[in-house]
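Peer 1:
In this note's numbering, the protein residues as written are 17 to 159.
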């Protein structure tokens, strides 16, 4: 990260945006399978990637995925609602890969906490966490 991109506290009234593949949206809701962690377990970047509304718009989030062959929608959750979900916490994690790098993302925020059995939780707990996310995330841009 650059000298200007330190992690910041997330106000509870702000939003986090998540791009979601079209196949994971049905009847105006995000399917439970969309809620999982990415990267390597134990690494600081391990979590569910989102964009903070302070530094990103829904349109920017929709256009962020590297896979340009798929269609994406955008769902949002209020920062304060993340803590309602068992074991979950939102952490601002800006990504800086060097000057003028297209992968830089000042808005990058991880929702950290277990979301699957590979994270050390049982299936009923996984299902409960994912269903709470289904209830809390709302689609704001259709694919």
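Note that the Cβ used here is the ideal one computed from N, Cα and C, for glycine as well.
Predicted model only: the values in this text are computed from it and were never measured.
Is residue 47 closer than 8 Å to residue 101 when the C-beta atoms are compared?
Peer 2: Contact flag unset, no.
Peer 1: Verify whether the separation of the beta carbon atoms of residue 51 and residue 88 is less than 8 Å.
Peer 2: Contact: no.
Peer 1: Output needed for residue 141: all residues of its chain with C-beta closer than 6 Å, excluding positions within five of it in sequence on either side, in chain order.
Peer 2: So the list is empty, once near-sequence residues are dropped.
Peer 1: Which whole-angstrom value is the C-beta distance of residue 126 and residue 65, which I expect to be below 8 Å?
Peer 2: Contact holds; Cβ gap of about 6 Å.
Peer 1: Mapping the DSSP letters down to three states, classify residue 49 as helix, strand or coil.
Peer 2: Residue 49: helix per DSSP, three-state reduction.
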